[in-house]
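At position 197 of the sequence shown the residue is numbered 197 (UniProt numbering), and the sequence of numbers has no breaks.
Even for Gly, the Cβ is constructed at its ideal location relative to N, Cα and C.
This one's a predicted model, so the numbers in the text were calculated from it and none came from an experiment.
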Amino acid sequence: MWINEPRAQRVLAERDLDGLFAATNIPNVFYLSGVWRRQDIAAIVTRDAVTAPWLVIPRGEVDYMVDTVPPAGVVTYGTFFRVMEDNVPLTEREQRIREIGIDLEPVKDFFEGIVRTLENAGLDRSRLGYDERGLDPALAERLKERLPHLELVPAMSAFREIRMVKSAAEIERMTEAVRVTEQSIYEAAHEAREGMTEARCASPSTSGRCGVAPSPT
Numbered sequence: 001m002w003i004n005e006p007r008a009q010r011v012l013a014e015r016d017l018d019g020l021f022a023a024t025n026i027p028n029v030f031y032l033s034g035v036w037r038r039q040d041i042a043a044i045v046t047r048d049a050v051t052a053p054w055l056v057i058p059r060g061e062v063d064y065m066v067d068t069v070p071p072a073g074v075v076t077y078g079t080f081f082r083v084m085e086d087n088v089p090l091t092e093r094e095q096r097i098r099e100i101g102i103d104l105e106p107v108k109d110f111f112e113g114i115v116r117t118l119e120n121a122g123l124d125r126s127r128l129g130y131d132e133r134g135l136d137p138a139l140a141e142r143l144k145e146r147l148p149h150l151e152l153v154p155a156m157s158a159f160r161e162i163r164m165v166k167s168a169a170e171i172e173r174m175t176e177a178v179r180v181t182e183q184s185i186y187e188a189a190h191e192a193r194e195g196m197t198e199a200r201c202a203s204p205s206t207s208g209r210c211g212v213a214p215s216p217t
């Protein structure tokens with residue numbers, strides 16, 4: 001995990017927060033969990049376990065989380081159908097997808113997923129810093145009504161303060177990202193030919209020849 005754990009715990013202690021609730025996919029959900037999707041996703045951590053996120057994720061998106069940070073717990077929501085034959089051997093990754101995407105009973109919607117996760121994480125009676133730019137204000141009000149002992153504290157600035165000083169893992173990833181970017185630019189420039197369209201230049205067969213697919217990581 002690339003979060004600066006000591007700094008995160010210090011920031012939360014200074015602000016008297018029991019945990020963090022991220023709802024902005026980039027950067028905050030991704031920062032806490034490694035999951036990056038466009039759908040409604042939440043990542044929630046407790047102050048004493050900031051490297052073990054609790055995730056709320058659409059049932060149809062669980063395959064995108066099995067290769068990321070091992071979560072403390074997962075709540076899925078919505079409807080999505082997968083079919084797996086019982087007599088077919090599964091890889092470890094496929095078994096994990098089956099456990100979360102088929103066997104785990106989903107809740108109705110994103111809001112119910114947040115409520116269930118806060119209860120499971122023991123944060124339903126906490127002082128919780130939340131990502132006010134990512135969470136719909138209407139959902140925040142519903143949470144206050146549903147969980148009257150929960151105190152939601154705007155904490156976008158806390159996320160920024162934590163991310164301000166990079167961990168060794170973050171620096172390593174940033175260095176690798178620069179290397180990949182430079183290599184991609186170099187190879188794309190050498191592939192360019194007179195008359196080539198912009199779409200062709202940007203295609204995976206042209207820009208991806210350095211062997212690394214584009215990703216926010």
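(request) Return the first residue and the last residue of the alpha helix (DSSP H) that R116 is part of. (result) Note, R116: alpha helix (DSSP H), F110 to N120.
(request) Compare the C-alpha of R82 against each of Q95, E191, P71 and R116 and name the closest. (result) It is Q95.
(request) Please go through the UniProt domain "Creatinase N-terminal" (7 to 165) and give each complete alpha helix (DSSP H) segment of 4 or more residues, from N-terminal end onward. (result) Runs found: 30 to 33, 92 to 98, 110 to 120, 137 to 146 and 156 to 164.
(request) Between the Cα of A188 and those of A177, S203 and R179, spot the shortest distance and give me the residue it belongs to. (result) Here the closest residue by C-alpha is S203.
(message) On the criterion of 16 or more Cβ atoms from any shown chain inside 10 Å, does L150 qualify as buried, or is it exposed?
(response) By the neighbour-count rule (16 or more Cβ atoms within 10 Å), L150 is buried.
(message) Within the continuous alpha helix (DSSP H) that includes I185, where are the two ends?
(response) Going by DSSP, I185 is part of the alpha helix (DSSP H) stretching over A168 to E191.
(request) Apply the 10 Å Cβ neighbour rule to R38 and answer buried if 16 or more other Cβ atoms are within range, or exposed otherwise. (result) Per the 10 Å Cβ criterion, exposed.
(message) Within 8 Å, do at least three Cβ pairs link the region 5 to 21 to the region 71 to 90?
(response) Too few Cβ pairs lie closer than 8 Å, so no.
(message) With a threshold of 8 Å on Cβ separation, who are the neighbours of M84 within its own chain once the five nearest residues in sequence on each side are excluded?
(response) Closer than 8 Å at the Cβ level, and outside the excluded window around M84, lie L90, E94, R98 and I102.
(request) Identify which residue in F30, V56 and R15 has its Cα closest to the Cα of L118. (result) When only C-alpha atoms are compared, the closest one is V56.
(request) Please look up how many angstroms separate the CB atoms of I3 and T51, rounded, as I've assumed it's under 8 Å. (result) Indeed, because the Cβ distance is near 6 Å, the residues count as touching under 8 Å.
(request) Tell me where the alpha helix (DSSP H) around E198 begins and ends. (result) Membership of E198 in the alpha helix (DSSP H) is indicated by the continuous run E198 to A202.
(message) Could you tell me the alpha carbon to alpha carbon distance between Q9 and R142, rounded to whole angstroms?
(response) Rounded to whole angstroms, Q9 to R142 spans 28 Å at the Cα level.
(request) Indicate the three-state DSSP secondary structure (helix, strand or coil) for E194 in the structure shown. (result) Judged by DSSP in its simplified three-state form, E194 adopts coil rather than helix or strand.
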